[in-house]
Amino acid sequence: MSRRCALTEKGVQSGHKVSHSNHKTKRKFLPNLHNVTLISDVLGRSVRLRVSAAGLRTVEHNGGLDAWLIKASATELSTTAVRLKREIEKKMTTAH
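Read left to right, the sequence shown gives residues 1 to 96 (full-length UniProt numbering).
Shown next, in the form of structure tokens:
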């Protein structure tokens, strides 16, 4: 399983660990990922995703999974998030 957020595509970054003597060694900065079950009101079901803590905060700030996916552009979403966005948009157009 990749270390990548299912919504925001936030992944592993690399950098240096810097000692007191300014000696640099390679290290990884891992994203803060959690397995979360988010509820989609439009689809009427829950969705299990591996989301970063920052991604989860933005989803809650924007009023839930459906509202956040509709606002977000498809270029900055992962493939699973784009698939969910298409399902939600299709369900919303058929409901109207």
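Ideal Cβ positions, reconstructed from N, Cα and C, are used throughout, including at glycine.
| Item | Value |
| --- | --- |
| For threonine 25, the residue or residues it bridges with in DSSP | Lys17 |
| Coarse secondary structure for valine 12, derived from DSSP in three states | coil |
| Opposing strand residues paired with leucine 49 [DSSP bridges] | Val36 |
| Short Cβ contact (8 Å threshold) for glycine 55 with threonine 8 | yes |
| DSSP state of arginine 57 mapped onto helix, strand, coil | helix |
| Arginine 3, enclosing alpha helix (DSSP H) - first and last residue | Premise fails: arginine 3 is in no alpha helix (DSSP H) and is neither H nor E. |
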